Each structure stands twice: as C-alpha cells, then as structure tokens.
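Heads up: the sequence shown begins at 51 in the working numbering, then just goes up one per residue.
Backbone N, C-alpha and C fix where the C-beta goes; we use that ideal spot for every residue, glycine too.
Given the structure is predicted, the values throughout are model-derived calculations rather than measurements.
This report refers to the structure that appears directly beneath it.
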Amino acid sequence: MIGRRAFLASIAASLATSARAEDATAPDSNGTVLGSFQVEALPGLVDVPAPTLEALQDQITVLNFWASWCEACQEEHRYLVNLQRKGVRIAGVAVQDRGEAVLRYLEKAGNPYGFVGIDNKRELITMLSLRSIPQTFLIGRRCEVVWQTDEGLDNALVAELLGKIEAISG
C-alpha cells in the first residue's frame, strides 16, 4: 500500500509532466492577453471598421502597427497585401499619424486591412508595450499574443508568421 505523501507526490509529478508536454506544443507567446481598448476609426473608410477587442475575439488576426510616413512600414506593406490575398485576417493600427495621410497612403498603396484605425489615445500601444514601428503581432482566438516581431516583414518573417498561423489554426 502506498503512503499518502508518496501518492500525492506521484500525482504532482504526473501533473508537472503533463504540463510540460502541453507547453512543448503550445505556440510561442509573450503572455499578453489583450484587454478592452479603443482605436479611432478612419472617417473616410466607412466599410472598414476600427479594430476592437470584440472584433478580434474568436478569430486569428495579424495586428500590424504602422504609419504612412514610416519608410520601413512602406517597405513591408506589399507583404501585408500578399498576406491579405492569401486570406489572412489583418488589422492595422496607425501610430502618430493623421487620418488624411493614412487614407491617402491606403488609396495609393492598397488596403490590406479588414480593420484599421489610429491609436491616438495610445491605449493599445501601451498595452502591447510598443517601442517602434513597424511592429506586427499574431493574435490568437482568445486575444492572446502568440507571436510578434518588431522588424519589418520580409519573406522569412512571413514564412514564420504563416507557420505560426497554421500551428494555431488546428
């Protein structure tokens, strides 16, 4: 007959092993789960709403922070357009920008965003500890940050991002 302490120790060891096995298959995450936030909509884009917590829930979304004046953002824009063409759901948040400039840029370069707005109140910027732009996050179905990069998207990062999307889509 096994003693009570030995029995409890064996259960604890079993749970720890099970948790490690689950962690090994879990996607990379920085541990951040989005809370409620408000991003200003762009008045000239009536068919494209601003991202909200409710809009991001229950769906995998690429969340991209950018600005119309940012050269690195302009360089990565074609990768976002290609992701959107592949059916990837993308939300864009302009940073330190003016609505008119954002609209002009999207008209010229194309709009890959299903949701787009400006975070003038810095709520989402602060929540995600944004330090630079461009910066891109992969948001899971429970509004958790699954992946992120503070580099402009390129072929290698897009391949990594698509791999993460596939891994969590299951």
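Shown here, Asn132 sits in a helix according to DSSP, grouped into three states. Taking 7 angstroms as the cut-off, the Cβ atoms of Phe165 and Ala141 count as close. With contacts defined as CB atoms closer than 7 angstroms, Leu106 and Ile183 fail to qualify as a contacting pair. Just measuring C-alpha positions, the residue of Leu212, Phe187, Arg192, Met177 sitting nearest Glu201 is Phe187.
Taking C-beta atoms under 8 angstroms as the contact rule, Val98 and Tyr155 fail to qualify, at a distance of about 14 angstroms. Shown here, Thr102 sits in coil according to DSSP, grouped into three states, outside any helix or strand.
The residue among Leu84, Arg148, Gln109 with its C-alpha nearest the C-alpha of Gly94 is Arg148.
For Asn161, there is no enclosing alpha helix (DSSP H), since its DSSP letter is neither H nor E.
CA-CA distance, Gly167 to Val138, rounds to 18 angstroms.
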